[in-house]
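J.:
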Amino acid sequence: MKDNDDTRGYLISFEGSEGSGKTTQISQMASHFESAGYDVVVTREPGGTPIGEEIRRILMHATESVNMFPETELLLFAASRAQLVREVIQPALDEGKIVLCDRFMDSTTVYQGVARKIQSGPVHLINTFAVGEVVPDVTVVIDIPAEVGFERIRHRVNDLPDRMEAENIEFYQKVRNGYLMLAKAMPERFVVVDGELSEKEVTSQIWKELRKRVV
Ligand code: TMP
């Protein structure tokens with residue numbers, strides 16, 4: 006249990022590389038929390054607001070974005086997050102809701118900081134400016150080997166890889182290492198779950214951890 010005002014809700018972020026199964030697990034957790042009587046808000050980054058979804062389109066799907074510089078990318082992810090925090094997350098937390106967020110500030114630390122190699126100083130400063138006081142209470146990392154994520158993306162039948170997914174295996178490796186590094190540095194906030202287990206097993210492990218911390 007958190008030691009702050011117990012009328013405030015909980016922010017739980019889900020992280021992991023592409024193909025880790027985050028989205029499926031988030032919807033499982035939403036059902037579990039709802040069955041336990043909680044009000045749940047599910048959202049995602051980039052996106053989650055009309056402005057954020059427009060930024061998502063530019064970041065991931067716009068043809069002009071092949072020319073995007075890492076610094077521009079960093080600022081656009083941060084802009085989407087700044088809007089989401091103020092428009093959706095903070096109001097939901099103020100109403101005591103549980104917010105499940107598909108990616109949050111740790112994605113920026115890992116993708117733009119570790120994988121794109123932008124200096125940690127500016128990444129931290131911009132991240133902090135975007136979120137203000139809103140930091141996740143718990144962050145679930147669904148960990149899979151880089152090759153597994155890479156293969157899962159390539160075998161998707163219904164979707165072409167977006168701009169980020171089109172990166173090479175070394176990029177995926179850096180992303181994985183980045184998350185494991187963060188989890189090691191902040192064990193009180195992070196929970197790492199083995200994403201190679203069966204979908205059911207992953208769900209049950211995440212729920213076990215979240216129940217300990219929230220329910
Ligand atoms: P997803 O919503 O399918 O997980 O895709 C989001 C993509 O954007 C994914 O490749 C990770 C990337 N990303 C960043 O590079 N930085 C960020 O801050 C966020 C939120 C996502």
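Counting in the working numbering, the sequence shown runs from 6 upward without gaps.
Glycine included, every Cβ here is placed at the ideal spot set by N, Cα and C.
1. Distance check for T77 and Y116, CA to CA, integer angstroms please.
2. If I measure Cβ to Cβ from K224 and keep anything under 6 angstroms in the same chain, skipping five residues before and after, which residues do I get?
3. Going along the chain, which residues put their C-beta within less than 5 angstroms of some heavy atom in the ligand TMP?
4. Could you name each continuous alpha helix (DSSP H) segment of 4 residues or more that falls completely within the region 92-177, going from the start of the chain to the end?
5. Would DSSP call E23 helix, strand or coil?
6. Look at the alpha carbon of N182 and the alpha carbon of D111, and state the distance between them as a whole number of angstroms.
7. Inspect the beta-carbon positions of D142 and Y15 and report whether they are closer than 7 angstroms.
8. Quick check on DSSP: helix, strand or coil for F74?
9. Considering only the alpha carbon of each residue, which of S22, L79 and A87 lies closest to F134?
10. Compare the C-alpha of V45 against each of I158, S32, P51 and E175 and name the closest.
11. Does DSSP put R49 in a helix, a strand or coil?
12. Near D148, which residues of its chain fall below 8 angstroms by C-beta distance, leaving aside the five closest residues on each side in sequence?
13. Can A35 and L105 be called in contact, C-beta distance under 7 angstroms?
14. According to the Cβ coordinates, are I131 and A83 closer than 7 angstroms?
15. So what's Y268 in DSSP terms, helix, strand or just coil?
16. Does R61 pass the burial test, meaning 16 or more other C-beta atoms within 10 Å, or should it be called exposed?
17. In the DSSP output, which residue or residues are listed as bridge partners for L16?
18. In the DSSP assignment, what residue or residues form a beta bridge with V196?
19. Among M73, T48, E50 and K122, which one has its Cα closest to the Cα of F176?
20. On the DSSP letters alone, give me the boundaries of the alpha helix (DSSP H) that T54 sits inside.
21. For R159 and V47, what's the separation of their Cα atoms in angstroms?
T.: In brief:
1. 13 angstroms
2. Residue coverage of the chain in this structure runs from 6 to 220, which leaves residue 224 outside it and unanswerable.
3. E50, F82, R108, S112, T113, Y116 and M169
4. 95-99, 125-136 and 151-159
5. coil
6. 13 angstroms
7. yes
8. coil
9. A87
10. S32
11. strand
12. G21, S25, R181, Y184, L185, V197, V198, D199 and G200
13. yes
14. yes
15. Nothing about residue 268 can be read from this structure; the chain reaches only from 6 to 220.
16. buried
17. V104
18. V145
19. K122
20. No alpha helix (DSSP H) holds T54; DSSP gives it neither H nor E.
21. 27 angstroms
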